[in-house]
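One point on numbering: in this note's numbering, the residue at position 68 of the sequence shown is 75, and numbering is uninterrupted. Heads up, the beta-carbon is just placed ideally off N, CA and C, and yes, glycines get one too.
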Amino acid sequence: MHAAAPLADASGTRDDNFLALRHLAAVLVIYGHSYALAFNPRGDADVIARTMPGFHAGNLAVHLFFAISGYLVTLSLLRHPGVLRYTRHRVLRVYPAYFVCLLLCVFALGPAFTSLPLGTYLGAAGTWDYLGQNLLPITFAWSLPGVFEHNPIPHTVNGTLWSLGLEVRWYFYLGVLAALGVVRRRWAFTLLAGAVLALGAWEWWSGKPDPLGYRALSQIFLLAALAAHWREAIACSHRAMAVLVLLAVLLHGTRGFGPAVMLAALHFCLWFAYRLPPLRWPRTADWSYGLFLYGFPVQQMLMAWIPTLSPPVLFVAATVVTLPLAMLSWRWVERPALRLKRNGNPARAPEPAV
């Protein structure tokens, strides 16, 4: 894709770097969490937070995930507007691997790491509350009885799921808009999304807090969806990438930082996917969702075993341990689900789960 070419010229092909980008974001989640979950008495920060205090590698990672999903899922809806197809594809991409991870956390991780006798753990209301509340990836319970009681971040089994819940909500909202015929009507979608973005901009400018980042992630999802709609009018470049990153750094600490970092993250995703040379990545191997799902539990297990692990050591160890789990999830859970989705057609590069 040459410098002036619009996104539409590249988005019609499979020759992009989105798959590699999803893996980068998933590893970035593990990296960012390492500084929160490890033994860190000096309060060391990850490299992103050292540059922009208060904004961590994990924040950047979920910005990337929401930008990728907002763009690609909307693009898929524009090409195949059937709502039943959309719903089926989203459920098959997100839920099977999530459900297996949930079962493993309750019935493998929990019994192995609880301080309670096995019978007490299995009979505790909290065990079944965790399973019941987490059956749908929307709202979550975080703790299992007696598990990870003495970790630096105690009691939390899988803290990454909060962003998955928000993303699933946006898949639902997008499906409703598709059912109402809004998604396929460019100007109707643009006006509606623009109104939501304007409200978010006003909240930012007025200083309304966004402690969980829901507003920022919702905004970037909508911006990415708009980019899919207007892809023939949008181009990304190396120069724009450098300017947006510099702008985000310069605006850090001001009310303009949130919008600036959103635009930089979205442009980075499109620039990485379409402007960089195609990376040699196996097109039918997507371990990113497994890395996302299992990274946090693995980090908590490692800290329960070796409480003195430093953040860099935890990052390396957790990545090494989580990758085989992600590969198994892809081989035995996610890829079979994708085959159901495609009704036996040859597999293409997988759609994003997160």
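task: Work out the CA separation of residue 188 and residue 318 for me, nearest whole Å.
output: The residue you call residue 318 lines up with position 311 of the sequence shown. The residue you call residue 188 lines up with position 181 of the sequence shown. When rounded, the distance between both Cα atoms is 48 Å.
Quick check: the stretch 62-79 against the stretch 172-183, are at least 3 beta-carbon pairs closer than 8 Å?
yes
Of the residues 197, 129, 320, which one's Cα is nearest the Cα of residue 45? The residue given as residue 45 occupies position 38 in the sequence shown. Taking only the C-alpha atoms, the option nearest residue 45 is 320.
Requested in this report: Give the single residue among 12, 25, 82, 97 whose Cα lies nearest to the Cα of residue 292.
Outcome: Taking the sequence shown and counting its residues from 1, the one referred to as residue 292 is at position 285. The candidate whose alpha carbon is nearest that of residue 292 is 25.
Worksheet item: Per DSSP, which one or two residues make a beta bridge with residue 121?
Response: Working through the sequence shown from its first residue, we reach residue 121 at position 114. The partner list for residue 121 (beta bridge, DSSP) reads 154.
By the DSSP assignment, the alpha helix (DSSP H) with residue 281 in it spans what residues?
Counting from one through the sequence shown, the residue named residue 281 turns up at place 274. Run containing residue 281: none; DSSP gives neither H nor E here.
From the DSSP output, which residues share a beta bridge with residue 146? Walking along the sequence shown from the start, residue 146 turns up at place 139. Answer by DSSP bridge pairing, in chain order: 144.
- Query: Is the stretch 273-282 touching the stretch 235-253, taking contact as three or more C-beta pairs under 8 Å?
  - Reply: yes
| query | When the Cα of residue 345 is compared with those of 59, 13, 96, which residue comes out closest? | reply | Residue mapping note: residue 345 aligns to position 338 of the sequence shown, counting from 1. The residue with the shortest Cα to Cα distance from residue 345 is 96.
| task | Inspect the beta-carbon positions of residue 227 and residue 70 and report whether they are closer than 7 Å. | result | One-based indexing of the sequence shown puts residue 227 at position 220. One-based indexing of the sequence shown puts residue 70 at position 63. For residue 227 and residue 70, yes; Cβs fall inside 7 Å.
Just the Cα atoms here: how many angstroms apart are residue 37 and residue 217?
-> Taking the sequence shown and counting its residues from 1, one reaches residue 37 at position 30. Taking the sequence shown and counting its residues from 1, one reaches residue 217 at position 210. Cα-Cα distance, rounded: 23 Å.
query: Closest to residue 306 by CA distance: which of 121, 167, 223 is it?
result: Here residue 306 refers to the residue found at position 299 of the sequence shown. Of 121, 167, 223, the residue nearest in Cα terms is 167.
Does residue 25 come out as helix, strand or coil in the three-state DSSP assignment? For the purposes of this step, residue 25 is taken as residue 18 along the sequence shown, with counting starting at 1. Looking at residue 25 - three-state DSSP - the assignment turns out to be helix.
Between the alpha carbons of residue 295 and residue 324, how many angstroms are there, rounded?
Translated into the one-based positions of the sequence shown, residue 295 becomes position 288. Translated into the one-based positions of the sequence shown, residue 324 becomes position 317. Cα-Cα distance, rounded: 17 Å.
query = Does DSSP put residue 348 in a helix, in a strand, or in coil?
reply = Translated into positions along the sequence shown, residue 348 becomes position 341. DSSP places residue 348 in helix when its eight states are reduced to three.
CA-CA distance, residue 207 and residue 300? Indexing the sequence shown from 1 puts residue 207 at position 200. Indexing the sequence shown from 1 puts residue 300 at position 293. Distance between the alpha carbons of residue 207 and residue 300: 29 Å.
Is the stretch 121-129 in contact with the stretch 145-158, if contact means three or more CB pairs nearer than 8 Å?
yes
For residue 46, three-class secondary structure by DSSP = Start at 1 with the first residue of the sequence shown, and residue 46 comes out as number 39. Residue state, collapsed to three classes: coil.
Look at the Cβ atom of residue 27, then the Cβ atom of residue 237, and state whether they are nearer than 7 Å.
Looking up residue 27 in the sequence shown gives position 20. Looking up residue 237 in the sequence shown gives position 230. Not a contact, by the Cβ cut-off of 7 Å.
Alpha carbon to alpha carbon, what distance is there between residue 170 and residue 116? Residue numbering aside, residue 116 sits at position 109 when the sequence shown is read from its first letter. Residue numbering aside, residue 170 sits at position 163 when the sequence shown is read from its first letter. Taking the straight line joining both Cα atoms gives about 22 Å.
Would you say residue 280 and residue 23 are within 7 Å of each other, going by their C-beta atoms?
Numbered from 1 along the sequence shown, position 273 holds the residue referred to as residue 280. Numbered from 1 along the sequence shown, position 16 holds the residue referred to as residue 23. Yes; because the gap between Cβ atoms is below 7 Å, this pair is in contact.
Check your understanding: Which class does residue 342 belong to by DSSP, given the choice of helix, strand or coil?
Key -> By one-based count along the sequence shown, residue 342 stands at place 335. In this structure, residue 342 counts as helix in the three-state DSSP scheme.
Cutoff 7 Å; reference residue 165; Cβ partners in own chain excluding five residues on either side
As a first step, residue 165 is located in the sequence shown; it is residue number 158 there, counting from the start. So the qualifying residues of the chain are 112, 303, 304.
Would you say residue 365 and residue 48 are within 7 Å of each other, going by their C-beta atoms? Because the chain spans 8 through 361 in this model, residue 365 falls outside it and cannot be assessed.
Practice task
Can you grab the Cα-Cα spacing for the pair residue 341 / residue 103, in whole Å?
Solution key: Against the sequence shown, residue 341 aligns to sequence position 334. Against the sequence shown, residue 103 aligns to sequence position 96. Spanning the two alpha carbons is a distance of roughly 7 Å.
> In chain order, what residues of the same chain have a beta carbon less than 8 Å from the beta carbon of residue 90, not counting five sequence neighbours either side?
Replying inline: Numbered from 1 along the sequence shown, position 83 holds the residue referred to as residue 90. So the qualifying residues of the chain are 182, 185, 186.
Notebook entry, point to check: Beta carbon of residue 200, beta carbon of residue 229: below 7 Å?
Noted result: Sequence index remark: in the sequence shown, residue 200 carries index 193 (1-based). Sequence index remark: in the sequence shown, residue 229 carries index 222 (1-based). Yes, the Cβ-Cβ distance between residue 200 and residue 229 is below 7 Å.
Report task. Can you grab the Cα-Cα spacing for the pair residue 109 / residue 142, in whole Å? Result -> Numbered from its first residue, the sequence shown carries residue 109 at position 102. Numbered from its first residue, the sequence shown carries residue 142 at position 135. One C-alpha to the other measures close to 8 Å.
Using a 10 Å radius around the Cβ and a threshold of 16 neighbouring Cβ atoms, would you call residue 313 buried or exposed? Within the sequence shown, numbered from 1, the residue matching residue 313 stands at position 306. By the neighbour-count rule (16 or more Cβ atoms within 10 Å), residue 313 is not buried but exposed.
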